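A.B. asks: Residue numbers (full-length UniProt numbering): 1 to 323. Even glycine gets a Cβ: it sits at the ideal position worked out from N, Cα and C. Since the structure is predicted, the reported quantities are computational estimates derived from the model, not experimental observations. First the structure, then my questions, so here it is.
Here is the structure:
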């Protein structure tokens, strides 16, 4: 089985430097880079859905994207963003090279204002030790809980990457030794130490239902675990010479898994069969972030976006009748 996704729009020069993070809400997609500004890109609801021979050109020309900016968000650049998956879309978390995590709240005029600066392990901005510097961030679906990991591998709800289950009950962190730790946020206890991968973990992601956890990194393999018992239930890999996987995201149904890799490829995987059903390689430069876009009501085709070292954001949507 294969699926076809069409390029709807590419925002060239979305940022003047590499894009490290994406986060999606029903209103649009946030992006962050080595620059100090966080941007939100809105896609018009009237984007064309024709799949004819001129579909790509029509989509690209008709789909204009306007950016809302959060200037001077992180003076040294921003490397992680998080929103609540399928949540209200009113809260954004960001982590920058200045070692802080910040919480942003959407105001009544649709602008975004800083609500709080978070330093779970103390220390001063730009002067903290690795143990105190925030690296990855994640928000629960209801936007009530924030998880952070430090550069030294600490987790607070509180590695190299971190995610929260949709209900906020569990936190998962990926580490340089290839281990994934899963914590119960109610008891504060470690419940699983998952060792299916032997190289650094760069992405962890809970499924929408919270029953599966995907993890990937330098091994080039995506490992899927059952969160009810910690069992390693599947491994997804395009071949023996797989590139590092830098980012993961589940579709809203949990049927498909999206991955972005160091070799510039974006892949869509069938979770049921373990097969790669679509591959896009519009650049040979690293893809740092991939995200499924919130699915509009009705039978609108699903879509996703990808960004990375090229400084551009590309939007895709499923072709009619695909799959």
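Skipping 5 residues on each side, what residues in its chain have a beta carbon closer than 7 Å to that of residue 295?
C.D. replies: The residues are 252 and 302.
A.B. asks: In whole angstroms, what is the alpha-carbon distance linking residue 229 and residue 139?
C.D. replies: Rounded to the nearest angstrom, the two C-alpha atoms are 23 Å apart.
A.B. asks: For residue 248, name the three-state secondary structure that DSSP assigns.
C.D. replies: Of the three classes helix, strand and coil, the one that applies to residue 248 here is strand, per DSSP.
A.B. asks: Of the residues 287, 247 and 255, which one's Cα is nearest the Cα of residue 263?
C.D. replies: It is 287 whose Cα lies nearest to the Cα of residue 263.
A.B. asks: With DSSP collapsed to three states, give me the class of residue 197.
C.D. replies: Coil at residue 197, not helix or strand.
A.B. asks: Please give the ranges of any beta strand (DSSP E) in the region 63 to 127, keeping only runs that are unbroken, at least 3 residues long and fully inside the region.
C.D. replies: Qualifying beta strand (DSSP E) stretches, in chain order: 66 to 70, 78 to 82, 91 to 96, 101 to 106 and 112 to 118.
A.B. asks: Does the beta-carbon distance from residue 257 to residue 222 come in below 8 Å?
C.D. replies: Yes, they are a contact pair.
A.B. asks: Whose C-beta lies closer than 6 Å to the C-beta of residue 112 among residues of the same chain, with five residues either side of it excluded?
C.D. replies: Here the set comprises 70, 104 and 106.
A.B. asks: How should residue 291 be labelled, buried or exposed, when 16 other C-beta atoms within 10 angstroms of its C-beta is the threshold for buried?
C.D. replies: With 16 or more other Cβ atoms within 10 Å, it is buried.
A.B. asks: Quick one: which unbroken beta strand (DSSP E) runs of 3-plus residues sit fully inside the UniProt repeat "WD" (194 to 235)? Chain order, please.
C.D. replies: Complete beta strand (DSSP E) runs here, min 3: 201 to 206, 212 to 217 and 222 to 226.
A.B. asks: Once DSSP output is grouped into helix, strand and coil, what is the label at residue 242?
C.D. replies: Reduced to three states, the DSSP call for residue 242 is coil.
A.B. asks: Are the region 14 to 25 and the region 72 to 79 touching, with three or more C-beta to C-beta distances below 8 Å?
C.D. replies: The region 14 to 25 is in contact with the region 72 to 79.
A.B. asks: Just verifying my parser: in three-state terms, what is the DSSP assignment at residue 60?
C.D. replies: For residue 60, the predicted model reports a pLDDT of 41, less than 50, meaning its position is unreliable; a value from the coordinates is still stated below. If DSSP states are grouped into helix, strand and coil, residue 60 belongs with the helices.
A.B. asks: Which residue wins for smallest C-alpha separation from residue 28, given the options 42, 16, 231 and 37?
C.D. replies: Closest by alpha carbon: 42.
A.B. asks: Can you tell me whether residue 160 is helix, strand or coil according to DSSP?
C.D. replies: In the structure shown, residue 160 sits in coil (DSSP, three-state: anything other than H, G, I, E or B).
A.B. asks: Closer than 7 Å by C-beta to residue 281: which residues in its own chain qualify, once you throw out the five before and the five after it? Chain order, please.
C.D. replies: Answer for residue 281: 264 and 265, listed in chain order.
A.B. asks: Answer with buried or exposed for residue 191, where buried requires no fewer than 16 other C-beta atoms within 10 angstroms of its C-beta.
C.D. replies: Looking at its Cβ environment, which holds fewer than 16 other Cβ atoms inside 10 Å, residue 191 is exposed.
A.B. asks: Since I believe residue 72 is in contact with residue 36 (beta carbons under 8 Å), could you give me their beta-carbon distance rounded to a whole number of angstroms?
C.D. replies: Contact holds; Cβ gap of about 5 Å.
A.B. asks: Starting from residue 30, trace the beta strand (DSSP E) in both directions and tell me its first and last residue.
C.D. replies: Run containing residue 30: 28 to 33, per the beta strand (DSSP E) assignment.
A.B. asks: Which whole-angstrom value describes the C-beta separation of residue 289 and residue 247, a residue pair presumed to lie in contact below a C-beta threshold of 8 Å?
C.D. replies: Contact holds; Cβ gap of about 5 Å.
A.B. asks: What is the rounded straight-line gap between the Cα of residue 170 and the Cα of residue 185?
C.D. replies: Whole-angstrom Cα-Cα distance: 5 Å.
A.B. asks: Run through the DSSP bridge pairs and tell me what residue 313 is partnered with.
C.D. replies: Per DSSP, 11 and 307.
A.B. asks: How many whole angstroms separate the CB atoms of residue 267 and residue 297, which I take to be in contact at a CB cut-off of 8 Å?
C.D. replies: 28 Å between Cβ atoms; not a contact.
A.B. asks: If residue 316 and residue 6 are in contact, beta carbons under 8 Å, what's the gap, nearest whole angstrom?
C.D. replies: Yes, residue 316 and residue 6 are in contact; Cβ-Cβ is about 7 Å, under 8 Å.
A.B. asks: I believe residue 178 touches residue 160 by the beta-carbon criterion, under 8 Å. Please report the beta-carbon distance rounded to the nearest angstrom.
C.D. replies: So it is not a contact: roughly 10 Å between Cβ atoms.
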